[in-house]
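Trainee: Each residue of the sequence shown is one higher than the one before, starting from 628 at the first, in UniProt numbering.
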Amino acid sequence: VKAKGKNGYCFFNTEMQERAFRRVEIEQSLRVALDTNQLFLVYQPQVDNQGNCLGAEALVRWTHPDKGVLSPIEFISIAEECGLIIELGTWVIDAACAQFKTWSDNGNHLKKISVNVSPKQFRDINFVNIVRDAIKKHQINPKRLILEITEGIVIKDISDTIDKMTVLKSLGVRLSIDDFGTGYSSLRYLKELPLDQLKIDQSFVRDIINQPKDAMIVTTIISIANNLELNVIAEGVENKEQVTMLIDKGCMQFQGYYFSKPKTAADFTQYLEEQAID
Ligand code: C2E
Ligand code: CA
Ligand code: CA
Ligand code: CA
């Protein structure tokens with residue numbers, strides 16, 4: 628019993644050490660990644676019920692020198708914990724605006740670009756300036772920029788959140804609540820925040836066909852959006868049945884593998900050209 632306990636303890640300890648080590652390793656290499664341009668963005672189309680492109684969501688990727696291309700799931704939370712999210716997030720906003728400008732300059736009009744903003748990044752004192760600078764530098768119409776934030780930002784200090792969102796709205800940018808329904812926002816907050824869009828989390832879309840409760844949650848989110856006059860988009864749409872049901876419930880904007888996986892900038896350029904033809 629004693630030996631087993633000891634082993635259990637050692638195993639636990641080693642695992643913790645490994646995790647801590649991996650964390651430090653990622654943190655250090657992320658520092659280098661930011662300095663040497665190892666990050667890049669991919670773009671996932673957002674479409675209407677005919678499959679016409681309404682916009683794109685920019686999603687970050689990291690070409691790690693040893694590990695290959697890493698998903699944001701592997702490094703965003705580490706970046707948040709060690710503070711690098713501010714620099715990373717600033718890079719993302721700048722890169723997305725630069726790409727958006729390139730597309731408009733080349734006549735490949737993209738209607739909107741959505742960018743993810745982490746709660747810590749949103750709370751940063753310089754956040755509004757960073758957004759303002761990127762819009763100015765790349766001369767983009769602020770109405771074309773959608774910031775996707777999660778309900779996580781609302782937990783602390785509702786009045787600060789309202790103030791900051793109001794300033795962002797005065798710049799002209801649009802605000803979307805990402806992963807809607809998975810966090811804590813109360814209906815009162817939803818009413819008070821100057822929002823433009825709700826994004827139905829993919830966890831509800833996934834089982835919308837076989838799980839009546841998920842279908843009901845989606846119905847409710849769509850009706851909240853309609854009542855608050857917010858635009859609503861479903862993410863994680865993977866098949867036609869889901870599209871049909873979402874349309875039936877009144878959701879007309881979609882994002883997901885059924886329409887397209889995220890594309891590199893080059894592939895997205897080609898996609899925009901094809902969209903313009905039909
Ligand atoms: P998210 O904002 O909810 O983004 C949607 C995620 O779902 C993306 O994963 C996307 O590739 C994936 N996805 C899209 N369509 C489908 C589908 O039909 N089925 C399934 N199963 N998945 C689908 P990705 O790119 O790995 O990003 C994961 C998360 O990392 C994002 O979730 C977002 O929270 C975060 N993230 C990504 N880029 C950034 C960024 O630039 N800044 C910040 N702060 N977070 C980011
Ligand atoms: Ca998002
Ligand atoms: Ca989401
Ligand atoms: Ca998500």
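All C-beta atoms, glycine included, are put in the ideal place defined by N, C-alpha and C.
1. Can you give me the Cβ contacts of R833 inside the same chain, cut-off strictly under 8 Å, excluding the 5 residues immediately before and after it?
2. Using a strict less-than 5 Å threshold between each residue's beta carbon and the heavy atoms of ligand 5, what residues do you get?
3. How many Å lie between E708 and F667 at the Cα?
4. Just how far apart, CA to CA, sit E645 and W718?
5. Would you say the beta carbon of E865 comes nearer than 6 Å to a heavy atom of ligand 3?
6. Report all residues from its chain with a CB closer than 6 Å to the CB of P699; omit the five preceding and five following residues, and keep chain order.
7. Less than 6 Å between C-beta atoms, sequence neighbours within five positions excluded: which residues of the same chain meet that for G632?
8. Could you tell me the distance, in whole angstroms, from the CA atom of Y811 to the CA atom of I904?
9. Going along the chain, which residues of its own chain have a beta-carbon closer than 6 Å to the beta-carbon of A630, five neighbours each way excluded?
10. Measuring CA to CA, which of Q726, S656, I703 and H765 is closest to D693?
11. Going by DSSP, name the residue or residues bridged to E862.
12. Between L857, F886 and E856, which has its C-alpha nearest V870's C-alpha?
13. Can you give me the start and stop residues for the beta strand (DSSP E) that F667 sits inside?
Mentor: According to the structure shown:
1. The residue given as residue 833 occupies position 206 in the sequence shown. Closer than 8 Å at the Cβ level, and outside the excluded window around R833, lie D841, G863 and E865.
2. Because ligand 5 does not appear in the structure shown, any question about it cannot be addressed here, the ligands present being ligand 1, ligand 2, ligand 3 and ligand 4.
3. As a working note, residue 708 is residue 81 in the sequence shown. As a working note, residue 667 is residue 40 in the sequence shown. Cα-Cα distance, rounded: 21 Å.
4. Stepping through the sequence shown from its first residue, residue 645 is reached at position 18. Stepping through the sequence shown from its first residue, residue 718 is reached at position 91. Cα to Cα, the separation comes out at about 29 Å.
5. Counting from 1 along the sequence shown, the entry for residue 865 is found at position 238. Answer for E865: no, Cβ out of range of ligand 3.
6. Against the sequence shown, residue 699 aligns to sequence position 72. Closer than 6 Å at Cβ, skipping near neighbours: V687.
7. Against the sequence shown, residue 632 aligns to sequence position 5. Note on G632: pLDDT 48, under 50, position unreliable in the model; the coordinate value appears next. None.
8. Numbered from 1 along the sequence shown, position 184 holds the residue referred to as residue 811. Numbered from 1 along the sequence shown, position 277 holds the residue referred to as residue 904. Going from the Cα of Y811 to the Cα of I904 covers about 43 Å.
9. Translated into the one-based positions of the sequence shown, residue 630 becomes position 3. With a pLDDT of only 45 at A630, under 50, the local geometry of the prediction cannot be trusted, and the value read off the model is given with reservation. No residues qualify anywhere along the chain.
10. Here the question's residue 693 lines up with position 66 in the sequence shown. With distances taken between Cα atoms, D693 lies closest to S656.
11. In the sequence shown, counting from the first residue as 1, residue 862 sits at position 235. DSSP output for E862 lists Q882 as bridge partner(s).
12. One-based indexing of the sequence shown puts residue 870 at position 243. Closest by alpha carbon: F886.
13. Sequence index remark: in the sequence shown, residue 667 carries index 40 (1-based). F667 -> beta strand (DSSP E) spans L666 to V674.
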